[in-house]
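Student: Just passing along the structure, written as structure tokens.
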Amino acid sequence: MGMPSAPLPPHLYQPPPPPPPPPPPPPPPEEVNEVAVEVEREEGEGGTAVETFTDYRPPKLSIGPSHPDPVVETSSLSAVQPPEPTYDLMIKDDLESSEALSCLQIETLVYACQRHVQHLPDGARAGFFIGDGAGVGKGRTIAGLIFENWHHGRRKALWISVGSDLKFDARRDLDDVGAMCIEVHALNKLPYSKLNSKACGVREGVIFLTYSCLIASSENGRSRLKQLVQWCGSKYDGLVIFDECHKAKNLIPESGGQPTQTGKAVLEIQAQLPEARVIYCSATGASETRNMGYMVRLGLWGAGTCFLDFRHFLGSVRFQILFSWRKKGPTVWSKRLGANKKFLQEGEEEEGSLDPDNAPPAISDHGLQTAQVELPVSSTAEGALMTDLLPETGLSSSEARVDLDADFDDLFA
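Counting in this note's numbering, the sequence shown runs from 291 upward without gaps.
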């Protein structure tokens, strides 16, 4: 049996290393107002333009639940404030109890009804543009508008869209907001006789039709448009909804082209029903200024404005965008459109929303169409562009220069 080992001398003894200190607690989460969504657009010279988006919540309304999906707007537009809401919804209690519409959809509902109380200088009722992007639920918002007007005794509505099968979506949206009592009638299933006659038996409810149906006529010359105007009556003050309204964009075509039948029919039914509550609804309806020619109820041109007609408005706006770049560099320009908004969903790639002709609108007084304009145009290109635009405006070169020398913000004040 061996002898026990002697302890090591103190100078040779190595104690075990101390345990590492515990990790520090994580910092408390900071309140983040900006959603981590960035969109990059490649420029012609290899650079990138980055836009940050922020969470959007209705700043002046607290009715309804949060939207089920994240909805954002560009940081540069978040400073644009909407008008004070003054309209009192009749279906507010129903919406609060059912939670059928989100706070974003209710906000649109309130501002649309508020806008429809107003009239334009030419006597026609003011219209409203809904430019919400995918995921905000334009169909259900439209259903809410129909239900609100139903409670005010306006029991007729025209809903014009791009496909006849969307009638079933309209029926679903109305059911979702509690409007099961409102019937939806497909116009393509009805004869060309009077809609309130015994043959048709349609005295109230929603007439759902497509743009193709709007321009259709029978063999003996009866048109759907006249049929609808007769059903509504000359004093009709109910809804006329142009869903996916970009289908009428070619009312003012490029030089040498002819306006489409659809564009002319959309313009005609608005002229025949001056008291109608018009809704323009499209995510791309204002992607190009030229495509807005049928939006006569927004009050951007004509009586009471500084633009004689749409062509003058189109040319002047394009001149002013160009001059805003020349004078101030990349700038933000705005114009009243009838309250509207368009939002980008979190994670969604939508590079087109940063293009000068496809910038996302924001809500503001009467609805401001606000776009981030970046035009790296040389002076030579500017002169060429002016030469190209002069035939559209009817202005001489000197008059066009006067337009260019006017301050853009003063022009739209």
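Cβ atoms here follow ideal geometry from the backbone N, Cα and C, with glycine treated the same way.
Find the nearest neighbour of residue 705 within the set 390, 450, 513 and 406, judged by alpha-carbon distance.
Tutor: An answer regarding residue 705 cannot be provided, because it is not within the stretch 291 to 703 covered by the chain.
Student: Quick one, are the C-beta atoms of residue 594 and residue 379 less than 8 Å apart?
Tutor: In the sequence shown, the residue the question calls residue 594 occupies position 304. In the sequence shown, the residue the question calls residue 379 occupies position 89. Between residue 594 and residue 379, the C-beta gap is not smaller than 8 Å, which leaves the two residues out of contact.
Student: Give every residue of the same chain whose Cβ lies closer than 7 Å to the Cβ of residue 483, excluding the five residues on either side of it in the sequence, and list them in chain order.
Tutor: Position 193 of the sequence shown, counted from the start, is the residue given in the question as residue 483. Cβ neighbours of residue 483 beyond the five flanking positions: 489 and 490.
Student: Report buried or exposed for residue 534, applying the criterion of at least 16 other Cβ atoms within 10 angstroms of its Cβ.
Tutor: Taking the first residue of the sequence shown as position 1, residue 534 is located at position 244. It is buried - the Cβ of residue 534 has at least 16 other Cβ atoms within 10 Å.
Student: Between the Cα of residue 715 and the Cα atoms of 545, 314, 349 and 421, which residue gives the shortest distance?
Tutor: Lying outside 291 to 703, the shown extent of the chain, residue 715 is not represented and no answer is given.
Student: Comparing C-alpha positions only, which one of 514, 443, 377 and 428 sits nearest to residue 459?
Tutor: Locating residue 459 in the sequence shown gives position 169, where the first residue counts as 1. The residue with the shortest Cα to Cα distance from residue 459 is 428.
Student: Answer with buried or exposed for residue 536, where buried requires no fewer than 16 other C-beta atoms within 10 angstroms of its C-beta.
Tutor: The residue labelled residue 536 in the question sits at position 246 within the sequence shown. The residue in question, residue 536, is buried, as its Cβ has 16 or more Cβ neighbours within 10 Å.
Student: Secondary structure at residue 429, three-state DSSP: helix, strand or coil?
Tutor: Residue mapping note: residue 429 aligns to position 139 of the sequence shown, counting from 1. In the structure shown, residue 429 sits in a helix (DSSP, three-state: H, G or I).
Student: Quick check: what's the CA-CA separation for residue 372 versus residue 401?
Tutor: Looking up residue 372 in the sequence shown gives position 82. Looking up residue 401 in the sequence shown gives position 111. Rounded to whole angstroms, residue 372 to residue 401 spans 9 Å at the Cα level.
Student: Run through DSSP, which three-state label would residue 606 get?
Tutor: In the sequence shown, the residue the question calls residue 606 occupies position 316. Helix at residue 606.
Student: Distance, Cα to Cα, residue 521 vs residue 566?
Tutor: Start at 1 with the first residue of the sequence shown, and residue 521 comes out as number 231. Start at 1 with the first residue of the sequence shown, and residue 566 comes out as number 276. If I take the Cα positions, the gap works out to 13 Å.
Student: Is the stretch 592 to 607 close to the stretch 543 to 563, with three or more CB pairs under 8 Å?
Tutor: The answer is no - the stretch 543 to 563 does not touch the stretch 592 to 607, with fewer than three Cβ pairs under 8 Å.
Student: Residue 561: which of 406, 362, 415 and 349 sits nearest, CA to CA?
Tutor: By 1-based counting over the sequence shown, the position of residue 561 is 271. Ranking the options by Cα distance to residue 561, first place goes to 415.
Student: Measure how close the beta-carbons of residue 531 and residue 450 come, nearest whole angstrom, since I'm counting them as under 8 Å.
Tutor: For this step, residue 531 is matched to residue 241 along the sequence shown. For this step, residue 450 is matched to residue 160 along the sequence shown. Taking 8 Å as the upper bound for CB-CB distance, residue 531 and residue 450 are in contact here, some 6 Å apart.
Student: Looking only at C-alpha atoms, which of 439, 481, 361 and 473 sits nearest to residue 509?
Tutor: Position 219 of the sequence shown holds residue 509. Comparing Cα positions, the closest option is 481.
Student: Check whether the Cβ of residue 505 sits closer than 7 Å to any heavy atom of the ligand COA, and report yes or no.
Tutor: Annotation note on the ligand COA: not contained in the displayed structure, which lists no ligands.
Student: Starting from the C-beta of residue 321, find all residues in its chain whose C-beta is less than 6 Å away, skip the five residues before and the five after it, and write them out in chain order.
Tutor: Position 31 of the sequence shown, counted from the start, is the residue given in the question as residue 321. Residue confidence for residue 321 is low, a pLDDT of 47 falling below 50, so the modelled location carries little weight and cannot support an answer.
Student: Could you tell me which uninterrupted beta strand (DSSP E) segments, each at least 3 residues in length, are contained entirely in the stretch 411 to 474, listed from first to last along the chain?
Tutor: 418 to 420 and 446 to 451
Student: Whose C-alpha, out of 465, 495 and 405, is nearest the C-alpha of residue 476?
Tutor: By 1-based counting over the sequence shown, the position of residue 476 is 186. Ranking 465, 495 and 405 by Cα distance to residue 476 puts 495 first.
Student: Considering only C-alpha positions, which residue in the set 446, 513 and 387 is nearest to residue 493?
Tutor: Here residue 493 is taken as the residue at index 203 of the sequence shown, counted from 1. Nearest of 446, 513 and 387 to residue 493, Cα basis: 446.
Student: Starting from residue 567, follow the alpha helix (DSSP H) in both directions and report where the run begins and ends.
Tutor: Locating residue 567 in the sequence shown gives position 277, counting from the first residue. Taken as a continuous stretch (DSSP letters only), residue 567 belongs to no alpha helix (DSSP H), being part of the beta strand (DSSP E) at 567 to 571.
Student: Identify the residues that DSSP records as bridge partners of residue 499: which are they?
Tutor: In the sequence shown, counting from the first residue as 1, residue 499 sits at position 209. According to DSSP, which records beta bridges pairwise, residue 499 is partnered with 450.
Student: If you follow the beta strand (DSSP E) that residue 533 is in, where does it begin and where does it stop?
Tutor: In the sequence shown, the residue the question calls residue 533 occupies position 243. Here the beta strand (DSSP E) through residue 533 covers 529 to 533.
Student: Near residue 271, what residues of its chain come up, given a Cβ to Cβ distance below 6 Å and the 5 sequence neighbours on each side ignored?
Tutor: Only positions 291 to 703 of the chain appear in this structure, which leaves residue 271 out of reach.
Student: I need the straight-line Cα distance from residue 399 to residue 444, nearest angstrom please.
Tutor: Position 109 of the sequence shown holds residue 399. Position 154 of the sequence shown holds residue 444. Rounded to whole angstroms, residue 399 to residue 444 spans 16 Å at the Cα level.
Student: In three-state DSSP terms, what is residue 600?
Tutor: Locating residue 600 in the sequence shown gives position 310, counting from the first residue. Note: residue 600 maps to helix in three-state DSSP.
Student: Tell me which residues share the same chain as residue 406 and place their Cβ nearer than 7 Å to its Cβ, disregarding the 5 neighbours each side in the sequence.
Tutor: Position 116 of the sequence shown holds residue 406. Correct list, in chain order: 415, 416, 418 and 567.
Student: So is residue 539 buried or exposed if we call it buried at 16+ other beta carbons inside 10 Å?
Tutor: Within the sequence shown, numbered from 1, the residue matching residue 539 stands at position 249. Classification of residue 539: buried, given that the 10 Å Cβ count is 16 or more.
Student: Between the Cα of residue 454 and those of 501, 385 and 473, spot the shortest distance and give me the residue it belongs to.
Tutor: Taking the sequence shown and counting its residues from 1, one reaches residue 454 at position 164. Ranking 501, 385 and 473 by Cα distance to residue 454 puts 501 first.
Student: In angstroms with no decimal places, state the Cα-to-Cα distance between residue 549 and residue 581.
Tutor: Taking the first residue of the sequence shown as position 1, residue 549 is located at position 259. Taking the first residue of the sequence shown as position 1, residue 581 is located at position 291. Going by the C-alpha atoms only, they are around 11 Å apart.
Student: Using a Cβ-Cβ cutoff of less than 6 Å, which residues in the same chain neighbour residue 513 once the five nearest sequence positions on both sides are dropped?
Tutor: Along the sequence shown, read from residue 1 onward, the residue named residue 513 stands at position 223. If we look at residue 513 and ignore the five residues flanking it on each side, its Cβ neighbours are 507.
Student: Just grab the DSSP bridge partners of residue 513 for me.
Tutor: Here residue 513 refers to the residue found at position 223 of the sequence shown. Answer is 507, bridged to residue 513.
Student: Just checking my contact of residue 499 with residue 478 at CB under 8 Å: how many whole Å lie between their CB atoms?
Tutor: For the purposes of this step, residue 499 is taken as residue 209 along the sequence shown, with counting starting at 1. For the purposes of this step, residue 478 is taken as residue 188 along the sequence shown, with counting starting at 1. Between residue 499 and residue 478 a beta carbon distance of about 7 Å is seen, short of the 8 Å cut, so the two are scored as contacting.
Student: Exposed or buried, residue 356, counting other C-beta atoms within 10 Å across all chains shown (16 or more means buried)?
Tutor: If you number the sequence shown from 1, residue 356 lands on position 66. Of the other Cβ atoms in all chains shown, fewer than 16 fall within 10 Å of the Cβ of residue 356; this residue is therefore exposed.
Student: To the nearest angstrom, how far is it from the Cα of residue 526 to the Cα of residue 434?
Tutor: Your numbering for residue 526 matches position 236 in the sequence shown. Your numbering for residue 434 matches position 144 in the sequence shown. Roughly 19 Å separates the two Cα atoms.
Student: Between the Cα of residue 358 and those of 570, 430 and 426, spot the shortest distance and give me the residue it belongs to.
Tutor: Taking the first residue of the sequence shown as 1, we reach residue 358 at position 68. Looking at 570, 430 and 426, the one whose alpha-carbon comes closest to that of residue 358 is 426.
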